[in-house]
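Report on the following structure.
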Amino acid sequence: MGILPFVAELGLIDHHCHGVLRTDSTREEFESLLLEADAVSPLGGSFFDSAIGFAVRRWCAPLLDLPRHASAEAYLERRNSLHITEVSRTFLMASGIHTFLVDGGFQPERLLSGGELASLAGADSHEIVRLEHLAEELSAAASAAEFVHELRSRLRSPSVVGAKSVAAYRTGLVISGERPSEAEALRSMSSGPVKDPVMISWLVWEAMDAGLPLQFHVGYGDSDIDLHRCDPSLLTPFLRATAGLGVPVLLLHNYPFHRQAGYLAQVFPHVFCDLGLATHGLGHQASRVFAEALEIVPYGKFLFSSDAFGLPELYYLGALLFRQALSDFLADGLRRDAFLEEDAHRIARLMASENAARVYKL
Amino acid sequence: MGILPFVAELGLIDHHCHGVLRTDSTREEFESLLLEADAVSPLGGSFFDSAIGFAVRRWCAPLLDLPRHASAEAYLERRNSLHITEVSRTFLMASGIHTFLVDGGFQPERLLSGGELASLAGADSHEIVRLEHLAEELSAAASAAEFVHELRSRLRSPSVVGAKSVAAYRTGLVISGERPSEAEALRSMSSGPVKDPVMISWLVWEAMDAGLPLQFHVGYGDSDIDLHRCDPSLLTPFLRATAGLGVPVLLLHNYPFHRQAGYLAQVFPHVFCDLGLATHGLGHQASRVFAEALEIVPYGKFLFSSDAFGLPELYYLGALLFRQALSDFLADGLRRDAFLEEDAHRIARLMASENAARVYKL
Amino acid sequence: MGILPFVAELGLIDHHCHGVLRTDSTREEFESLLLEADAVSPLGGSFFDSAIGFAVRRWCAPLLDLPRHASAEAYLERRNSLHITEVSRTFLMASGIHTFLVDGGFQPERLLSGGELASLAGADSHEIVRLEHLAEELSAAASAAEFVHELRSRLRSPSVVGAKSVAAYRTGLVISGERPSEAEALRSMSSGPVKDPVMISWLVWEAMDAGLPLQFHVGYGDSDIDLHRCDPSLLTPFLRATAGLGVPVLLLHNYPFHRQAGYLAQVFPHVFCDLGLATHGLGHQASRVFAEALEIVPYGKFLFSSDAFGLPELYYLGALLFRQALSDFLADGLRRDAFLEEDAHRIARLMASENAARVYKL
Chain A
1 MGILPFVAEL GLIDHHCHGV LRTDSTREEF ESLLLEADAV SPLGGSFFDS
51 AIGFAVRRWC APLLDLPRHA SAEAYLERRN SLHITEVSRT FLMASGIHTF
101 LVDGGFQPER LLSGGELASL AGADSHEIVR LEHLAEELSA AASAAEFVHE
151 LRSRLRSPSV VGAKSVAAYR TGLVISGERP SEAEALRSMS SGPVKDPVMI
201 SWLVWEAMDA GLPLQFHVGY GDSDIDLHRC DPSLLTPFLR ATAGLGVPVL
251 LLHNYPFHRQ AGYLAQVFPH VFCDLGLATH GLGHQASRVF AEALEIVPYG
301 KFLFSSDAFG LPELYYLGAL LFRQALSDFL ADGLRRDAFL EEDAHRIARL
351 MASENAARVY KL
Chain B
1 MGILPFVAEL GLIDHHCHGV LRTDSTREEF ESLLLEADAV SPLGGSFFDS
51 AIGFAVRRWC APLLDLPRHA SAEAYLERRN SLHITEVSRT FLMASGIHTF
101 LVDGGFQPER LLSGGELASL AGADSHEIVR LEHLAEELSA AASAAEFVHE
151 LRSRLRSPSV VGAKSVAAYR TGLVISGERP SEAEALRSMS SGPVKDPVMI
201 SWLVWEAMDA GLPLQFHVGY GDSDIDLHRC DPSLLTPFLR ATAGLGVPVL
251 LLHNYPFHRQ AGYLAQVFPH VFCDLGLATH GLGHQASRVF AEALEIVPYG
301 KFLFSSDAFG LPELYYLGAL LFRQALSDFL ADGLRRDAFL EEDAHRIARL
351 MASENAARVY KL
Chain C
1 MGILPFVAEL GLIDHHCHGV LRTDSTREEF ESLLLEADAV SPLGGSFFDS
51 AIGFAVRRWC APLLDLPRHA SAEAYLERRN SLHITEVSRT FLMASGIHTF
101 LVDGGFQPER LLSGGELASL AGADSHEIVR LEHLAEELSA AASAAEFVHE
151 LRSRLRSPSV VGAKSVAAYR TGLVISGERP SEAEALRSMS SGPVKDPVMI
201 SWLVWEAMDA GLPLQFHVGY GDSDIDLHRC DPSLLTPFLR ATAGLGVPVL
251 LLHNYPFHRQ AGYLAQVFPH VFCDLGLATH GLGHQASRVF AEALEIVPYG
301 KFLFSSDAFG LPELYYLGAL LFRQALSDFL ADGLRRDAFL EEDAHRIARL
351 MASENAARVY KL
């Protein structure tokens with residue numbers, strides 16, 4: 001169950017992540033950032049008793065010079081005895097990620113920016129615009145005409161390589177194939193969180209006009225989500241309507257709809273997918289789900305992302321468990337004589353970075 | 001593929017089961033109770049040709065002093081040559097279940113009561129009130145005011161440790177987050193089966209008022225179910241509305257939505273889940289699905305139940321296949337060095353009984 | 001990972017397939033027929049980099065006297081150097097399929113007929129009437145009364161052994177349990193593709209009147225499908241309404257809803273399922289999904305089909321990967337001591353041909 005050497009050495013493009021926290025974490029904050037729960041529940045016990053919790057103790061402890069499987073208490077004590085910048089640098093460097101595409105639009109005040117993150121990791125970073133966050137920023141500050149002008153301008157900023165929609169959190173993924181007019185969208189404007197389906201639809205079409213690869217949060221997320229409304233196949237009318245534009249659409253995370261996502265990435269020329277957030281959340285079980293995600297998706301259509309947020313451990317675990325799962329997938333294929341070693345190398349490079357470089361034109 | 005010794009020896013709390021039949025079974029009845037079908041179909045052949053059918057021949061035959069894999073005919077002949085009480089005692093004792101939480105509200109006339117069951121097994125039992133059944137009983141006998149009074153009183157009976165809703169069978173799991181008023185609920189009263197969503201919603205809120213851990217049948221069941229209406233994520237608005245009450249909600253069975261259930265148990269502080277009915281139905285394939293069910297659920301949130309009904313074999317197979325699957329999960333984790341042996345022991349104890357004892361305050 | 005000898009030698013009934021192309025294929029056509037995409041996308045790379053693409057190079061190349069894992073270029077060059085009839089005969093003969101049930105109603109002008117296919121393979125063939133195609137043919141040519149008369153006559157043609165509906169592609173699988181009247185159906189008639197739910201519902205009831213086993217496309221298909229509308233559990237009201245008629249209903253493909261299909265085949269006496277199209281699409285990962293499909297379905301309810309269309313390789317890979325997956329399933333069961341060798345032989349025969357022979361009265 002070691003990692004194949006050529007997989008261990010791959011440089012990664014993380015095509016979807018956030019920043020790391022600027023400060024140390026209490027145990028409560030640390031545990032709640034491991035998972036998608038708002039807080040630890042006395043009814044249910046510590047989140048260290050979970051796949052990701054055990055993965056931290058197993059894989060992260062040694063990077064802080066602790067024995068494998070150090071206790072949660074020992075781990076947090078040691079972590080807090082170090083400067084958070086040192087902790088972050090350690091895990092970021094160990095991830096082997098050389099390029100970060102950063103969605104900086106969620107809780108930016110708590111987190112390092114993309115540039116700071118990249119600098120700490122000795123890596124490159126590019127910006128993913130979070131569409132709903134951008135609209136919320138601009139709606140507070142501008143007239144309708146200025147809103148549209150500024151939004152279009154921001155989508156065309158040279159540092160921006162993609163856009164992201166959190167429609168899943170706001171309205172679910174029922175996005176129509178009909179493009180709303182600017183007038184319709186502006187009528188739906190209001191202050192506060194963008195929750196209007198017309199506005200969200202207009203934003204994603206604006207991103208496509210700008211030629212920006214468009215990411216959708218899909219499936220697994222925090223308790224704001226109604227999971228059955230986040231099935232990616234709900235996007236089918238939108239995908240059908242945009243198939244001819246040549247602008248990539250990227251389905252993020254997808255668990256437990258990763259098979260549906262693979263289907264969409266197979267049948268639509270512009271659709272891609274990943275396992276994102278689920279990879280580190282699955283801990284030692286990541287390999288089985290990863291193999292499921294690859295059942296019917298062409299290998300030129302699957303990408304790596306960590307969806308790490310806040311804790312630097314999550315970049316490291318995201319990358320490590322991606323490598324482990326990819327290695328297990330390829331080793332299994334080689335053992336079954338499903339493809340040649342040179343094919344395995346090519347598949348690995350595609351998923352680690354080449355698909356992302358092609359999609360985002362990096 | 002043996003069972004780890006510390007798993008084999010665990011005492012179990014079965015947090016959801018029914019009673020055993022009072023009488024012998026014909027082959028027809030036996031086969032139909034193995035699965036969720038109403039009857040064996042001449043089009044499709046014997047239900048002994050199924051995962052559970054083979055599990056009976058493999059695991060139950062030796063307890064009746066037959067060789068492993070005895071034929072269906074030999075098995076039933078031997079079984080019927082013994083007194084049903086003896087057969088029931090044999091399988092119940094062999095299950096290693098020391099506490100049964102019994103839903104006695106389905107076909108009670110055919111079955112031993114919880115007390116009789118426990119007595120036969122040398123175990124303890126507690127009552128789970130089946131809400132729709134209780135309402136049906138009381139609606140026949142009482143005025144509206146008496147109905148409410150008696151219902152509240154029964155929910156507070158000292159022998160009752162939890163409530164169960166079969167909304168899945170009656171309306172599907174679209175239960176709103178808005179609590180209906182007593183007047184609205186009473187307006188929806190009628191004789192016969194409770195199928196009104198307002199009444200069902202009112203009943204589950206009443207159970208929560210009584211502080212009773214609330215079980216929902218989810219997913220896999222008999223042909224009365226429309227499976228797509230039994231996705232547990234349909235409960236999200238209700239779960240969001242009740243997250244702050246501190247009353248546990250338990251999602252039963254869940255197959256094939258066990259990943260959705262694990263998600264809900266992760267993000268909501270009061271939500272728990274099991275694999276229930278599916279465990280024995282899966283036979284020798286139970287371990288893979290069990291591992292799936294544990295992908296993202298915190299280990300303090302997963303329980304054992306057999307959902308056995310009628311046939312004593314189902315308690316035994318439910319417990320045995322749970323042990324096998326738990327053992328396989330832990331052995332796999334240990335082989336991958338995912339956690340320490342002492343962690344494996346703790347996880348096992350949590351799922352076998354400690355989570356249930358905490359949730360139901362046993 | 002070899003195939004158990006008694007599985008390798010099984011004769012197969014392919015209960016759902018199409019014809020093979022009459023002509024050679026360009027690389028573009030070949031790649032697009034491997035998967036369900038309309039065309040290869042420059043954004044996503046070659047479809048040879050997929051599970052099915054690697055399966056062609058691994059398993060099909062040797063039958064054309066090339067080394068295993070020959071490159072895509074070498075494979076297509078060699079293939080085009082041979083006569084297409086020779087290529088088709090080679091793969092059809094190697095499949096071990098002795099009886100084909102052929103849906104000839106999709107792009108018949110490009111394909112060999114069922115009779116030609118069977119002749120090439122030294123096998124038998126029978127006709128599956130594609131209901132929507134039949135209605136489209138007849139609606140162009142007839143008055144309403146003639147339409148009904150001719151349709152009923154064609155459904156009773158001696159060569160026809162079953163009917164198939166592509167409701168999944170036209171309306172999704174929400175088919176009501178209420179039978180529409182002939183008058184209602186005829187009011188919904190129009191020229192062009194049959195997309196009216198009343199007409200589709202009437203057609204499937206007509207097929208049942210004729211006593212024809214009724215196939216439904218379910219789940220995974222091309223981009224015309226909205227996948228969430230192809231969940232087979234949406235058919236529940238229709239299945240409940242038809243459970244007493246004694247006419248088999250067959251759920252095809254089902255991926256990623258194969259567990260839902262297994263549930264329906266368990267609880268309804270007349271429902272059967274397969275993994276169809278998904279088997280070859282999954283390539284070296286077919287065995288895991290096949291095992292999932294068999295979790296709760298009685299073994300008398302699961303059939304083999306290739307759903308091959310156009311490329312003769314797909315019959316061969318469909319049959320080969322079915323054998324591999326069935327062998328892996330049985331070998332795993334034998335290793336776990338889940339059933340006896342004689343049981344394994346019986347299960348294999350049921351799924352390979354006996355279930356199909358019983359259902360279609362062959």
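So the sequences go chain by chain: A, B and C. Its first residue numbered 1, the first sequence is counted upward by one per residue in full-length UniProt numbering. Its first residue numbered 1, the second sequence is counted upward by one per residue in full-length UniProt numbering. Its first residue numbered 1, the third sequence is counted upward by one per residue in full-length UniProt numbering. For each residue, glycine too, the CB sits at the ideal point set by N, CA and C.
Checklist entry - Do you know offhand how far Phe54 (chain A)'s Cα is from Gly333 (chain B)'s? => result As a working note, residue 54 (chain A) is residue 54 in the first sequence. As a working note, residue 333 (chain B) is residue 333 in the second sequence. Looking at the two C-alpha atoms, the distance is approximately 10 Å.
Next on the checklist: Closer than 8 Å is the cut-off here; do at least three beta carbon pairs connect the segment 11-30 of chain B with the segment 96-113 of chain B?
Outcome noted: The segment 11-30 of chain B makes contact with the segment 96-113 of chain B; the number of CB pairs closer than 8 Å reaches 3 or more.
Checklist entry - In chain B, which residues lie with their C-beta within 9 Å of the C-beta of His280 (chain A)? => result Position 280 of the first sequence, counted from the first residue, corresponds to residue 280 (chain A). Under the 9 Å cutoff, chain B gives no residues; its nearest Cβ is about 11 Å from His280 (chain A).
Item to check | C-alpha distance - Glu36 (chain B) paired with Val7 (chain C), whole-angstrom precision | outcome: Here residue 36 (chain B) refers to the residue found at position 36 when the second sequence is read from its first residue. Here residue 7 (chain C) refers to the residue found at position 7 when the third sequence is read from its first residue. In this model, Glu36 (chain B) and Val7 (chain C) are separated by some 30 Å (Cα to Cα).
Item to check | Residue-level contact to chain C via CB, Tyr299 (chain B), 8 Å cutoff | outcome: Numbered from 1 along the second sequence, position 299 holds the residue referred to as residue 299 (chain B). No, because no Cβ of chain C sits closer than 8 Å to the Cβ of Tyr299 (chain B).
Item to check | Chain-ordered residues of the segment 156-169 of chain C with a beta carbon less than 7 Å from chain A | outcome: Look at the segment 156-169 of chain C: it has no residue with a C-beta under 7 Å from a C-beta of chain A.
Item to check | Bridge partner(s) assigned by DSSP for Gly310 (chain C) | outcome: As a position in the third sequence, residue 310 (chain C) is number 310, starting the count at 1. Looking at the DSSP assignment, Gly310 (chain C) forms a beta bridge with C:Val20.
Item to check | Residue environment, Pro67 (chain A), which counts as buried when at least 16 other CB atoms sit within 10 Å | outcome: Here residue 67 (chain A) corresponds to residue number 67 of the first sequence, with the count starting at 1. The residue is exposed, with fewer than 16 neighbouring Cβ atoms inside 10 Å.
Next on the checklist: Taking the beta carbon of Pro248 (chain C) as the centre, do at least 16 other beta carbons fall within 10 Å, making it buried, or is it exposed?
Outcome noted: Stepping through the third sequence from its first residue, residue 248 (chain C) is reached at position 248. Classification of Pro248 (chain C): buried, given that the 10 Å Cβ count is 16 or more.
Checklist entry - Would you say Ala37 (chain C) reaches chain B, if we count a Cβ-Cβ gap shorter than 8 Å as a contact? => result The sequence position of residue 37 (chain C) within the third sequence is 37, counting from 1. Answer no: the Cβ-Cβ gap between Ala37 (chain C) and chain B never drops below 8 Å.
Checklist entry - Going by C-alpha distance, which of C:Asp196, C:Ser233, C:Ala356, C:Asp224 is nearest Val267 (chain C)? => result Taking the third sequence and counting its residues from 1, the one referred to as residue 267 (chain C) is at position 267. Cα-wise, what sits closest to Val267 (chain C) is C:Ser233.
Next on the checklist: Rounded to the nearest angstrom, what separates Phe290 (chain B) and Val289 (chain C) at their Cα positions?
Outcome noted: Translated into the one-based positions of the second sequence, residue 290 (chain B) becomes position 290. Translated into the one-based positions of the third sequence, residue 289 (chain C) becomes position 289. Phe290 (chain B) and Val289 (chain C) have their alpha carbons spaced roughly 16 Å apart.
Checklist entry - What do you reckon, are the CB atoms on Glu206 (chain C) and Arg152 (chain C) nearer than 8 Å? => result Start at 1 with the first residue of the third sequence, and residue 206 (chain C) comes out as number 206. Start at 1 with the first residue of the third sequence, and residue 152 (chain C) comes out as number 152. Pairing Glu206 (chain C) with Arg152 (chain C) gives a Cβ-Cβ distance under 8 Å.
Item to check | When A:Ala356, A:Ala70, A:His345, A:Val56 are compared against Leu252 (chain A), the one with the closest alpha-carbon | outcome: Along the first sequence, read from residue 1 onward, the residue named residue 252 (chain A) stands at position 252. Checked all of A:Ala356, A:Ala70, A:His345, A:Val56; the closest Cα to Leu252 (chain A) is A:Ala356.
Checklist entry - Does the Cβ-Cβ distance between Ile200 (chain B) and Arg179 (chain B) come in under 8 Å? => result The residue given as residue 200 (chain B) occupies position 200 in the second sequence. The residue given as residue 179 (chain B) occupies position 179 in the second sequence. It is not a contact, given that the beta carbons lie outside the stated cut-off.
Checklist entry - Excluding five sequence neighbours on each side, which residues of the same chain lie with their C-beta closer than 7 Å to the C-beta of Ser191 (chain C)? => result Walking along the third sequence from the start, residue 191 (chain C) turns up at place 191. Once the five neighbours on either side are set aside, the close Cβ partners of Ser191 (chain C) are Ser139, Ala140.
Next on the checklist: In the DSSP assignment, the beta strand (DSSP E) including Gly162 (chain A) goes from what residue to what residue?
Outcome noted: Stepping through the first sequence from its first residue, residue 162 (chain A) is reached at position 162. Note, Gly162 (chain A): beta strand (DSSP E), 160-165.
Checklist entry - Is it the case that the Cβ atoms of Gly177 (chain B) and Pro269 (chain B) are separated by a distance below 8 Å? => result In the second sequence, the residue the question calls residue 177 (chain B) occupies position 177. In the second sequence, the residue the question calls residue 269 (chain B) occupies position 269. Taking 8 Å as the Cβ cut-off, Gly177 (chain B) and Pro269 (chain B) do not qualify as a contacting pair.
Checklist entry - Could you give the distance in angstroms between the alpha-carbon of Glu132 (chain C) and the alpha-carbon of Gly211 (chain A)? => result Taking the third sequence and counting its residues from 1, the one referred to as residue 132 (chain C) is at position 132. Taking the first sequence and counting its residues from 1, the one referred to as residue 211 (chain A) is at position 211. Whole-angstrom Cα-Cα distance: 40 Å.
Item to check | chain C contacts from the segment 232-248 of chain A (Cβ-Cβ distance under 7 Å) | outcome: Ser233, Leu234, Thr236, Arg240, Pro248
Checklist entry - What in chain B is Cβ-close to Tyr220 (chain C), meaning under 9 Å? => result Stepping through the third sequence from its first residue, residue 220 (chain C) is reached at position 220. What Tyr220 (chain C) touches in chain B: nothing, since even the nearest Cβ is about 16 Å away.
Checklist entry - Taking 8 Å as the CB-CB cut-off, is Asp209 (chain A) touching chain B? => result Numbered from 1 along the first sequence, position 209 holds the residue referred to as residue 209 (chain A). So, not an interface residue.
Checklist entry - In three-state DSSP terms, what is Gln215 (chain B)? => result For the purposes of this step, residue 215 (chain B) is identified with residue 215 of the second sequence, where counting begins at 1. Note: Gln215 (chain B) maps to strand in three-state DSSP.
Checklist entry - Cα-Cα, which of B:Arg349, B:Tyr220, B:Asp24, B:Leu321 is closest to Leu76 (chain B)? => result The residue given as residue 76 (chain B) occupies position 76 in the second sequence. Measuring from the Cα of Leu76 (chain B), the nearest candidate turns out to be B:Asp24.
Item to check | Inter-residue Cα distance where the pair is Leu321 (chain C) and Arg349 (chain C) | outcome: Indexing the third sequence from 1 puts residue 321 (chain C) at position 321. Indexing the third sequence from 1 puts residue 349 (chain C) at position 349. Roughly 16 Å between the two C-alpha positions.
Next on the checklist: Between the alpha carbons of Phe216 (chain B) and Leu314 (chain B), how many angstroms are there, rounded?
Outcome noted: In the second sequence, counting from the first residue as 1, residue 216 (chain B) sits at position 216. In the second sequence, counting from the first residue as 1, residue 314 (chain B) sits at position 314. For Phe216 (chain B) and Leu314 (chain B), the distance between alpha carbons rounds to 20 Å.
Checklist entry - Which residues in chain B sit within 8 Å of Ala261 (chain C), going by Cβ to Cβ distance? => result The count along the third sequence starts at 1 and reaches residue 261 (chain C) at position 261. By Cβ distance, chain B contributes nothing, its closest Cβ being about 10 Å from Ala261 (chain C), past 8 Å.
Checklist entry - Which residues, in order along the segment 20-47 of chain C, keep a beta-carbon less than 9 Å from a beta-carbon of chain A? => result So the list reads Leu35, Glu36, Ala37, Asp38, Ala39, Val40, Ser41, Pro42, Leu43, Gly44, Gly45, Ser46, Phe47, given in the order they occur along the chain.
Checklist entry - Does the beta carbon of Ala61 (chain C) come closer than 8 Å to any beta carbon on chain A? => result By one-based count along the third sequence, residue 61 (chain C) stands at place 61. With 8 Å as the cut-off, Ala61 (chain C) does not count as an interface residue toward chain A.
Checklist entry - For the segment 53-83 of chain B, which residues have a beta carbon sitting closer than 9 Å to at least one beta carbon of chain C? => result Gly53, Phe54, Ala55, Arg57, Arg58, Arg68, His69
Checklist entry - How is Arg329 (chain B) classed by DSSP in three states: helix, strand or coil? => result Position 329 of the second sequence holds residue 329 (chain B). The question names Arg, but residue 329 (chain B) in the sequence shown is Phe. Here Phe329 (chain B) sits in helix by DSSP.
Item to check | Three-way DSSP call (helix, strand, coil) for His83 (chain C) in this model | outcome: Counting from one through the third sequence, the residue named residue 83 (chain C) turns up at place 83. His83 (chain C) falls in the coil class under three-state DSSP.
Next on the checklist: So, for Glu184 (chain A): in the same chain, excluding its five sequence neighbours on each side, which residues have a beta-carbon less than 8 Å away from its beta-carbon?
Outcome noted: Here residue 184 (chain A) corresponds to residue number 184 of the first sequence, with the count starting at 1. Closer than 8 Å at the Cβ level, and outside the excluded window around Glu184 (chain A), lie Val198, Trp202.
Checklist entry - At a CB-CB cut-off below 7 Å, which residues of chain B make contact with residue 374 (chain C)? => result Because chain C spans 1 through 362 in this model, residue 374 (chain C) falls outside it and cannot be assessed.
Checklist entry - Does Ile13 (chain A) come within less than 8 Å of chain C when only Cβ atoms are used? => result Here the question's residue 13 (chain A) lines up with position 13 in the first sequence. Judged by the 8 Å Cβ criterion, Ile13 (chain A) is not in contact with chain C.
Next on the checklist: Please tell me whether Val160 (chain C) and Glu182 (chain C) are closer than 8 Å, where the distance is taken between their beta carbons.
Outcome noted: The count along the third sequence starts at 1 and reaches residue 160 (chain C) at position 160. The count along the third sequence starts at 1 and reaches residue 182 (chain C) at position 182. Contact: no.
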